[in-house]
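Visitor:
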Amino acid sequence: PSALTKGPLAAVLPSITPDGTAWNHQSVALECLFARENIVVATGTASGKSLVFQLYAFHRILEDPQAKVLVIYPLKALAADQFARWRAMAVRFGVNAEQVVRIDGDMPSFERGDALDKARIVLMTPDVCQAWLMRAVGSALVRRFLENLVLLVLDEAHVYESVFGSNVAFLLRRMISAKRRATQKDNDQRRLQAIAATATI
């Protein structure tokens, strides 16, 4: 998309895709994202799904200095593995690596608020999102985060069944509802957009 090739990432893109090309599903996904659609990228393992949402996430936060991105990984180990990659990409795009944070069970509760407030991209597990973030949804800190939240990424999405599936569905509905309440209705720039990436659905 021209919004990507001429936007704030333009100078660095050649070092990520030296021949200037992308796979068809990446191009289609990015076109949909720049049209402000919600999408599911359902392709095989190692097919460049992460690059789609990472490029778009950095575009959004560089385009809007207040914008925040929340990336949910199903497991703490997966979030920890991806954390280094997010920070490395941040450095490539001229974003302070400290603005990419991982909030999970290893981070003490008293440190989470400050991390959430300073971060532009937040990696989190569903458990912490439910037990900590949504529990504090009435606080000014979390309301401010939700007001500026423009992108929700669900990586490694699966079909969840039984009680766990119900809990995940409830969490997402609760977050979307809280986002709507926190954002002024006429602020289309801060409307929440969602991306799910999966190799199993």
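Using our numbering, the first residue of the sequence shown is number 1026, and each one after it goes up by one. In this text, a Cβ means the ideal position worked out from N, Cα and C, and glycines have one as well.
Would you tell me roughly how many angstroms separate the C-alpha atoms of D1052 and S1075, rounded to the nearest one?
Guide: Note on residue identity: the sequence assigns Ser, not Asp, to residue 1052. So the two alpha carbons sit approximately 13 Å from each other.
Visitor: Pick helix, strand or coil for T1223, following the three-state DSSP scheme.
Guide: In this structure, T1223 counts as strand in the three-state DSSP scheme.
Visitor: How would you write the range of the alpha helix (DSSP H) that M1200 sits in, first residue to last?
Guide: 1187-1207 is the span of the alpha helix (DSSP H), which, as asked, contains M1200.
Visitor: At which residue ranges does the stretch 1116-1194 contain complete beta strand (DSSP E) runs of 3 or more residues, listed in the order of the chain?
Guide: Listed in chain order, the complete beta strand (DSSP E) runs (minimum 3 residues) inside the stretch 1116-1194 are 1125-1128, 1146-1149, 1174-1179.
Visitor: So, M1159 versus R1127, is the Cβ gap smaller than 9 Å?
Guide: It is not a contact, given that the beta carbons lie outside the stated cut-off.
Visitor: Going by Cα to Cα distance, which pick from L1103, Q1155, N1063 is closest to F1189?
Guide: Checked all of L1103, Q1155, N1063; the closest Cα to F1189 is Q1155.
Visitor: Which of the three DSSP states is assigned to A1104 in this structure?
Guide: Helix, per DSSP.
Visitor: Can you round the beta-carbon distance between A1092 and V1175 to whole angstroms, since I take them to be within the 8 Å contact cut?
Guide: The Cβ separation is near 5 Å, so the contact holds.
Visitor: So which of V1178, G1069, E1186 has the shortest CA-CA distance to P1200?
Guide: It is worth fixing the name first, because residue 1200 is Met in this sequence and not Pro. Comparing Cα positions, the closest option is V1178.
Visitor: Could you pull the start and end residues of the beta strand (DSSP E) that V1096 belongs to?
Guide: First-last of the beta strand (DSSP E) with V1096: 1093-1097.
Visitor: Let's test the definition: count the other Cβ atoms within 10 Å of the Cβ of A1060 and tell me whether it reaches 16, buried, or not, exposed.
Guide: Exposed, because fewer than 16 other Cβ atoms sit within 10 Å of the Cβ of A1060.
Visitor: Count the other CB atoms, across all protein chains shown, that sit within 10 Å of the CB of F1135; report buried if there are 16 or more and exposed otherwise.
Guide: When all chains shown are included, F1135 counts as exposed.
Visitor: Is it buried or exposed for R1215, if we count other Cβ within 10 angstroms and need 16 for buried?
Guide: It counts as buried.
Visitor: Going by other Cβ atoms of all chains shown within 10 Å of its Cβ, with 16 needed for buried, is K1204 buried or exposed?
Guide: By the neighbour-count rule (16 or more Cβ atoms within 10 Å), K1204 is buried.
Visitor: Kindly give me the distance between the Cβ atoms of H1183 and T1208, rounded to whole angstroms, as I take these residues to be in contact under 8 Å.
Guide: No, H1183 and T1208 are not in contact; Cβ-Cβ is about 28 Å, not under 8 Å.
Visitor: How about A1113 and V1094: do their beta carbons lie closer than 9 Å?
Guide: In this structure, V1094 does not lie closer than 9 Å to A1113 by Cβ.
Visitor: Can you give me the C-alpha to C-alpha distance between H1084 and F1078, rounded to a whole angstrom?
Guide: Taking the straight line joining both Cα atoms gives about 10 Å.
Visitor: Can you name, in chain order, every residue of its own chain whose Cβ lies under 8 Å from the Cβ of E1062, other than the five neighbours on each side?
Guide: Within the same chain, E1062 has close Cβ partners Q1218.
Visitor: Who are the near neighbours of W1157 in its chain, counting only those whose CB is closer than 8 Å to its CB and skipping five residues on each side?
Guide: I1128, S1134, R1137, listed in sequence order.
Visitor: D1180: buried (16+ other C-beta within 10 angstroms of its C-beta) or exposed?
Guide: D1180 comes out buried.
Visitor: In three-state DSSP terms, what is V1066?
Guide: Residue state, collapsed to three classes: strand.
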